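Notes follow once the structure below has been shown.
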Amino acid sequence: MFKISLGWIYSKNADAMKQQNIHIFLWSLLTIILCESLSEMSLAQIDRQDLTLLPIDELMKIKVITVSRVPEQYAEAIAAIRVLPGETLKRAGTSCIPEALRLVQGVEVARFDANKWAISSRGFNHIFSNKQLVLMDGRSLYTPIWSGVFWDAQDTYLEDIDRIEVIRGSSGSMWGANAVNGIVNILTKDASETEGLVFNAGTGSELKLRIGFRYGDQITDNWYYRIYGKYQQWDNQVLSDGSNAHDTWGQGMGGIRLDGHPDPTTHISFQMLGYKSSGWHRMKIAFPNPPYIRTTDSNYKTSGLTVLGLLNKQTSDVSHYQLQIYYDYLTRRDPILIQGWYRAFDLDYQHQWGTCDWNELLWGMGYRYMSDHIVETFALAVIPERRVYPLYSAFIQDQMHLFSNRLRLIIGSKFEQNEFSGFEYQPNFRVMWDIKQHHHIWGAVARAVRTPSRADLDTRFPLEIVPGEEVTPAWTGKKIIVAATGSKKFKSEILHAYDLGYRYYSNENYFIDVAGFYYQYDQLRSYEFGAPRLETIMGQQYPMLPYMQYNDEYGTVYGIELGMDCELNDDWRFHGAYSQLKMDLKVHPPSTYPGSEGHEGETPERQYTFFTTWDISKRQDVSVIFRYVDAVPGLKIDSYFVTDLNYRVRINDHVELNLVAQNLGYPHHAEFREGPIPFISSEVKQSVFTNLIWRY
Amino acid sequence: MRRDVRHTPYIWWLVIIVSVGISISYANTAPKNAGQPTEYEVKAAFLFNFAKFVEWPVSALVSTDSVLIIGVLAPEDVVDVFKEVIGQKVVKNRRILIRQYYWYRDIEFCHILFVGNNESKRLPRILNFIKNKPILTVGDQIEGFAEAGGIINFVLNDKLVNFEINPTAAKRLDIQISSKLLRLATIVDDDQEARE
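Just so you know, the sequences run in chain order A and B. Heads up, the first sequence is in my numbering, so the first residue is 1 and it goes up one at a time. Heads up, the second sequence is in my numbering, so the first residue is 697 and it goes up one at a time.
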């Protein structure tokens, strides 16, 4: 740990310390926290009594110090995993899910504009991050049209999040295609854990309005339900010169969840939720007539509906199955760019079976029926407009516990048949060895694929309009559309992953996680100019120069990630995250695609987060988060170092007040910039907000 | 705009690193809140009391006449606390012996078996392995412990250590639990007769 810390000191990019005042404040805060805790420690040297002399009814009256345990499944997970419990999100003052992910080492979270985020682990970040899978309660939030996640649409009531599990690195053998660089799994609480009424309302400089409620109750003996709803309205961000970026947005959602435990071995769950979100973004769009490229503000609307059912049953001491069905529907409308819908029906079965003492088998099958309809516009088309694409999948994983459970092996694979690239296999082999109690070493070798999205095959997106003589003498005098186009021959992107990790956890107060990876990618997306042709756009013929997709990029990405949790005493906790990676990408000749250098430069090579939380008293606590993200030269983004603060006070048993300050350090800073996408990015302002919560 | 401040941050990193360093070294050495007992210190005292208020069938006592063995299927730090608090004690003229098991197949004869929370997934196999042996099983906040056939299970209520007892399971093994314990416990039944 320490050596790496020293590396921070010599950080050449630490040009973040602009506002001295804030730092003096933070400095004092740290000192105070430190002194407090030291004095507390020295005061506490009271003689220990012999507890065995106490009668048993007295023992029952002693309040004990408890320690938070790392649940077994995480300590023993053979992957680079980090779990954010719901309580951590509340302590951090999280106002939306993407913000929570900033606490995880190795995950890059960049706010593109007010309503868009680029989130990915281990590089290749983009607002359409195609190698990062995201699930919520077992439902895929990853869109197969463009890949990536619409973070402005997908949300839930934050109070009811049980935990967010983040696995960095290839997870395709279990979760299927597109979990190439990692998976984020958002899990909400069982309705039996959310009885009572919660109401919250807040306002702030960026998050203008935030209201929400949840009400949960018992129906009969073993059946519970909750209903919830929320609305949030965000202010405009700013452009780099400080002017208004016109990207305000608002979102409302609501849902219901029903959970039943008719007997101790059965769990039935039903969920329904709907959302509607509307906002503005600024785009640079090609038009067929002068001035050809126009920058325009546009108002988009998106809405969706999800219904999900789950049956979980323990059939014997060693056998357990799960059946899940969901239906997902979303629409997105933008007057210039897009009008369309997507829907999915998914059926998934899993069976876990302890075949003998030391062997456990997990297998499953799935079917997903997806369809979409995107109306053609000049600015963007996906041809054919309408398409249906089923996905069949199956997986098998065998886990062995050997040598008194000190060595665990997992071997398994996922198999998928999809409409766009056909049959895919994603095997893995994982091993974990307990070198000593609490000390684990693990390693993994895996193959994962990113399957083509609809856009990879069918899209047509005009980039610019150029004079014909620049392309071919035959078209002199004409205007030619240069358009990024998909290719029917586009294949899956492939990863061969090598992971190595060390994990230390004690039940006492420590958790240290070190993960290193060496990833070899092949058949990554590249572009080449095709032959000029005549293209029919909206019923009219235009000369077009296609800039077509190929699979010619390849290369390696390697890096290291550190995570640390440390509980100094009951009141004071630390959490640190550090990650560093290096990308080395090339193209297979004869391709001359220059993007590989671009991709290398589009990822921050270093990031760290330092999060400390301190319970001042039973009713008050403070959290401080320092975040550093390296410069991204490829996107012309400076490194930044910002601070988030959260102060919580429980005014009485029912009312809690949060005061949150975020992104302190600069008036505004850029986290991502536009690449070859129509949207224009904006910068994140420093902000404050308050939130008042009633619980009954 | 941000160009002129490249030299400032080093002191910041020093502060952070030093504070992390100090805190780590403290966390390593300083006992956590020495005044207030920790969860497992109290649980150890409970185990001591269980030994006091439970009568084993004669068959269980003959083999080892001068010791009372508490088997622990839990991480090392729990075992260390137990050893510290009750490792030197004598109950019913028997010296307490704490024995750690790393894997349930290692379980040999013992009077009390403490099953750690991290073993909850393997519980059915553990109970099956020691089936019909006169062992007082004690679960560490394991959900469904009594229902699965365990005898005593710790529960934590707002930082107070309480426990549940399954008298039917004890009776099945001929283990007698004093009424004093039963009075203080939450009684649960595994209903195994009803199921069979």
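Where is the CB? At the ideal position from N, CA and C, for every residue including glycine. From a predicted model like this one, the values you see are computed outputs, not experimental measurements.
Practice problem: Please name the residue in A:P262, A:A344, A:T331, A:K276 whose C-alpha comes closest to that of L311 (chain A). | Solution: A:P262
Self-check item: CB-CB length for W358 (chain A) against L402 (chain A), believed under 8 angstroms
Solution: 6 angstroms
Quiz item: Nearest-angstrom Cα distance between K414 (chain A) and V629 (chain A)?
Solution: 35 angstroms
Quiz item: Quick one: is H654 (chain A) buried, meaning 16 or more other Cβ sit within 10 Å of its Cβ, or exposed?
Solution: exposed
Quiz prompt | chain A within 8 angstroms of I794 (chain B), Cβ atoms only | solution = no
Practice problem: Look at the alpha carbon of F420 (chain A) and the alpha carbon of Q523 (chain A), and state the distance between them as a whole number of angstroms. | Solution: 15 angstroms
Quiz prompt | Under 9 angstroms by beta carbon: chain A residues contacting P863 (chain B) | solution = Correct list: empty, because the minimum Cβ distance to chain A is about 17 angstroms.
Quiz item: Can you pull the DSSP bridge partners for P85 (chain A)?
Solution: A:R163
Quiz item: Going straight from the alpha carbon of I161 (chain A) to that of I186 (chain A), what length do you get?
Solution: 7 angstroms
Exercise. Starting from S713 (chain A), find everything on chain B with Cβ-Cβ shorter than 8 angstroms and list it in chain order.
Key: For chain A, the structure presents residues 1 to 696; residue 713 (chain A) sits outside this window and is missing.
Quiz item: Using a Cβ cut-off of 8 angstroms, which residues of the stretch 819–837 of chain B contact any Cβ in chain A, in chain order?
Solution: P820, R821, N824
Quiz prompt | Neighbourhood of N125 (chain A) by C-beta distance below 8 angstroms, restricted to the same chain and skipping five residues each side | solution = E108, A110, A118, I119, E602, T603, F672
Quiz item: Residues of chain A with CB under 8 angstroms from W880 (chain B), in chain order?
Solution: Contrary to the premise, residue 880 (chain B) reads as Leu rather than Trp in this sequence. Within 8 angstroms Cβ-Cβ: I56, D57, M60.
Quiz prompt | the stretch 424–433 of chain A contacting the stretch 455–474 of chain A, beta-carbon criterion three pairs below 8 angstroms | solution = no
Exercise. Indicate the three-state DSSP secondary structure (helix, strand or coil) for N813 (chain B) in the structure shown.
Key: helix
Quiz item: Buried or exposed: M538 (chain A), going by 16 or more other Cβ atoms within 10 Å of its Cβ?
Solution: exposed
Practice problem: Would you please state the rounded distance, in angstroms, between the beta carbons of L809 (chain B) and V834 (chain B)? I believe it to be under 8 angstroms. | Solution: 7 angstroms
Quiz prompt | Partners in chain B for D357 (chain A), counting only beta-carbon separations shorter than 8 angstroms | solution = R801, R821
Quiz item: Any chance the stretch 264–271 of chain A sits against the stretch 157–172 of chain A, with 3 or more Cβ pairs inside 8 angstroms?
Solution: no
Quiz prompt | Ordered list of beta strand (DSSP E) runs contained in the stretch 610–668 of chain A, each at least 3 residues | solution = 620–629, 640–650, 655–664
Exercise. Report all residues from its chain with a CB closer than 7 angstroms to the CB of L380 (chain A); omit the five preceding and five following residues, and keep chain order.
Key: L337, I338, F461
Practice problem: Leaving aside the five residues before and after S874 (chain B) along the sequence, list all residues of the same chain whose C-beta is less than 8 angstroms from its C-beta, in chain order. | Solution: F749, V750, E751
Quiz item: So what does DSSP say about E780 (chain B), is it helix, strand or coil?
Solution: helix
Quiz item: Hey, is Q105 (chain A)'s beta-carbon within less than 8 angstroms of any beta-carbon in chain B?
Solution: no
Quiz prompt | 8 angstroms Cβ shell around I127 (chain A) - same chain, five flanking residues per side excluded | solution = F112, K116, W117, A118, G148, F672, I677, F679
Quiz item: What in chain B is Cβ-close to D317 (chain A), meaning under 8 angstroms?
Solution: P820, R821, N824
Practice problem: Residues of the stretch 437–449 of chain A with a CB closer than 9 angstroms to any CB of chain B: list them in chain order, please. | Solution: Q437, H438
Quiz item: In chain order, what residues of the same chain have a beta carbon less than 6 angstroms from the beta carbon of S816 (chain B), not counting five sequence neighbours either side?
Solution: I838
Quiz item: How long is the line joining the alpha carbons of S95 (chain A) and T331 (chain A), rounded to whole angstroms?
Solution: 25 angstroms
Exercise. Could you tell me whether the Cβ atoms of Y224 (chain A) and L197 (chain A) are closer together than 8 angstroms?
Key: no
Self-check item: As assigned by DSSP and simplified to three states, the class of R879 (chain B)
Solution: helix
Quiz prompt | chain A contact residues for V781 (chain B), given Cβ-Cβ distances below 9 angstroms | solution = D50, L51, T52
Quiz item: CB R210 (chain A) to CB Q232 (chain A), shorter than 8 angstroms?
Solution: yes
Self-check item: Supposed close pair A756 (chain B), I782 (chain B) - CB separation, criterion 8 angstroms
Solution: The pair is not a contact, with the Cβ atoms about 19 angstroms apart (cut-off 8 angstroms).
Practice problem: Could you work out which residues of chain A lie near K785 (chain B), taking near to mean beta carbons separated by less than 8 angstroms? | Solution: T52
Quiz item: Listing by chain order, which chain B residues have their CB less than 8 angstroms from the CB of P264 (chain A)?
Solution: G840, E843
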